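Beneath this line is the structure, given in structure tokens, with notes to follow.
Residue numbers (this note's numbering): -19 to 394.
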């Protein structure tokens, strides 16, 4: 008996009891659908993270105060543990950092922002005009402009606001030129930045941007005194080319070590790149997707056990059929192949239905607008392969049991 004939007989046997076949496949269907959907969502999440991290800026290097390996605040303080505007200026002008296009210092805080009788709580970013270029944060036409270097030098009370803040305070009216109050201090709105949407670090559409010198000396004056003067929260460094990012990281580290007089002790700062952030987030989503997929895979094992149980029942019900086939010349391997193929067909059909269901779930998630799941060929191949493996593994015992039946005893079975 050839394989095609065996498959035809297997399909006929399954069709003779459709309800039982469907219930048997249910565990496989649910398991494969869950695995496909989770892998698709995980792949979509990775792509979204890649796009969002890319949106942080072009060839961006970030410097933060403190060393991520230092868990003691005392150790950080002892080694300095702060960044200053002088550090930013030194990096921008140093001959040892030729690939740096611009350096934008950054500090942040939280404050009440009000216009008229409306107010919202917003994150305030103190920075310089270079921040917009370094972080790809532009001001659309007709929405004003970034504040200027002169505004930074004069500590001017000017602000850019995010689109969410603009909507909350102005209800669609153009806020440019209007006064807002930040913690009671009056600022003039000079622009509204473009909408960026969510990011791995949360949405920035509600942020308010002011000159960093204003933040340090007026809005949050007492907060930013550090060991070397007024401290800042981070440095955003734009590099001229992706190929020069690693060299720039080494140069930045060398310059800051010299400025902070660090010899053998640990650095009191941390330098990371976009690729470092992306690598970390990708690893995180991969582990999470694998973990959730493994949990969903338990359904496949349950489905496999269901297939084995039903096939054992089928062997018992068809004992006389097995005896008759052996009596007319069917070999042991023919019986073994028939029942094994039936188990695999059950599993594969369930797997194919599960792939379709998982893809539909992914489409449903995509319609929500949160993420765009991606069903890949690898995921489909894995699901089909795993379905065949489940059918083979859990079908082998019932098939062997059927093939070992004595034809005389089988024909006597009632």
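Backbone N, C-alpha and C define an ideal beta-carbon position, used for all residues, glycine too. Computed from a predicted model, the values in this text were never measured in an experiment.
Would you identify the three-state DSSP class for residue i, choosing helix, strand or coil?
i	result
residue 189	strand
residue 242	coil
residue 176	coil
residue 113	helix
residue 249	strand
residue 103	strand
residue 334	helix
residue 183	coil
residue 351	coil
residue 161	strand
residue 75	coil
residue 23	helix
residue 84	strand
residue 211	strand
residue 153	coil
In whole angstroms, give me the CA-to-CA distance for residue i and residue j.
i	j	result
residue 11	residue 212	51 Å
residue 21	residue 373	29 Å
residue 361	residue 227	41 Å
residue 142	residue 123	11 Å
residue 225	residue 42	11 Å
residue 207	residue 354	Only weak support is given to the placement of residue 207: the predicted model assigns it a pLDDT of 45, under 50, and the value that follows is read from those uncertain coordinates. Looking at the two C-alpha atoms, the distance is approximately 50 Å.
residue 69	residue 104	22 Å
residue 58	residue 30	Because residue 58 carries a pLDDT of 46, less than 50, the predicted location of this residue cannot be relied on, and the following value inherits that uncertainty. Each residue's Cα considered, the two are about 37 Å apart.
residue 47	residue 231	17 Å
residue 15	residue 153	47 Å
With a threshold of 16 other CB atoms inside 10 Å of the CB of residue i, please say whether the residue is buried or exposed.
i	result
residue 78	exposed
residue 80	buried
residue 71	buried
residue 275	exposed
residue 308	exposed
residue 176	buried
residue 86	buried
residue 294	buried
residue 129	exposed
residue 317	buried
Going by CA-CA distance only, name the one from the options that's closest to residue i.
i	options	result
residue 136	232, 100, 106 and 235	106
residue 369	148, 139, 287 and 155	287
residue 92	173, 111, 47 and 148	148
residue 259	131, 27 and 243	27
residue 172	164, 185, 161 and 166	185
residue 261	9, 23 and 16	23
residue 193	64, 299 and 310	64
residue -11	278, 254 and 301	301
Are the beta-carbon atoms of residue i and residue j separated by less than 7 Å?
i	j	result
residue 235	residue 102	no
residue 218	residue 114	yes
residue 169	residue 158	yes
residue 138	residue 150	no
residue 321	residue -13	yes
residue 5	residue 330	yes
residue 248	residue 61	yes
residue 342	residue 17	yes
Can residue i be considered in contact with the ligand SAH, in the sense that its beta carbon sits closer than 6 Å to one or more heavy atoms?
i	result
residue 94	Within the structure as shown, the ligand SAH is missing, as the structure has no ligands at all.
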